Amino acid sequence: MTTTEAIQLLDDFRRGKASREKVLHAFQAAPLADLGFAQVDTHRALRKGFPEVIFGAGKTADQIVTIARRIGKQEERLLITRLNPAQAQAVSKHIKRAVYHEQARCVTIEKRSLPKRPGVIAVLCAGTSDLPVAEEAAITADIMGNHVRRIYDVGISGLHRLLSHLEELMKANVLVVVAGMEGALPSVVAGLVRRPVIAVPTSVGYGANFGGLAALLGMLNSCGTGVTVVNIDNGFGAGYTASQINTLAAEGNAVETKAESNRRD
């Protein structure tokens, strides 16, 4: 149950559309479910606005399916990251509406289509080799209820490719910028927009890239302002953070709109 759903339930109770027992059951439920091999946080959505995300790497297919089924008992949406094809096949076999995003190595489950909040998250990547990480960020932001604009293969070796999207960049509430090699793209983007930039270094590159360390250090030392850096190849972390920023922007706009309406009245 998300905060929005909790408010809706309380409103329904006030209008007589929900029983006291239903409300008590919803709020008295234990904050975790003990599966033996996993302690599932059943209140994550209430605190964070989105259910616990399952990290697939290192888990067996049976463990992933069991956790997913438990979360799915009470949640409308679910995200599983870092799945190999065999794990994804097992999830798709046992759980309805599971969609495998092969390039992103993610599975999303959405029982019903939920409305997207206002605002756009732009996800950029420097090269095609960065697509798996960029897609992980994009899928994460999308399943969390955001409009996502993908702008790919716009690295600094051909700056004109990036500049042709300048208008779109400036309209986004937050930008996720993914790059390997020397990791320069986020600095360039940060110099063009006044929005937060979340930089994601990837492990793409030749020897002295050191598995993404060169890109990470380059981004941490960016002279561009408003740049925040996540871990190497952490598209999920970038997409999640971008969603939180866009949520704040949407909530702020809603408050401002309501205040303006009250002034007119």
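Mapping of the sequence shown onto the working numbering: residues 251 to 515, in sequence order.
Positions of the beta carbon are idealized from the N, C-alpha and C atoms, including for glycine.
Keep in mind it's a predicted model, so treat the numbers as computed, not measured.
Query	Result
Cutoff 7 Å; reference residue 307; Cβ partners in own chain excluding five residues on either side	332
Minimum length 4: unbroken alpha helix (DSSP H) runs contained in the segment 271-338	294-298 and 311-322
8 Å Cβ cutoff met for residue 418 and residue 399	yes
Backbone CA spacing between residue 319 and residue 341 [nearest angstrom]	10 Å
Buried or exposed by the 16-neighbour rule on C-beta atoms within 10 Å, applied to residue 321	buried
N- and C-terminal bounds of the beta strand (DSSP E) containing residue 447	447-451
Short Cβ contact (8 Å threshold) for residue 435 with residue 416	no
Residue 348, DSSP secondary structure in three states	strand
Helix, strand or coil at residue 482 according to DSSP, with G and I counted as helix	coil
Status (buried if at least 16 other CB within 10 Å, exposed otherwise) for residue 287	exposed
Through-space distance from residue 410 to residue 248, alpha-carbon basis	This structure gives no information on residue 248, because the portion of the chain shown stretches from 251 to 515.
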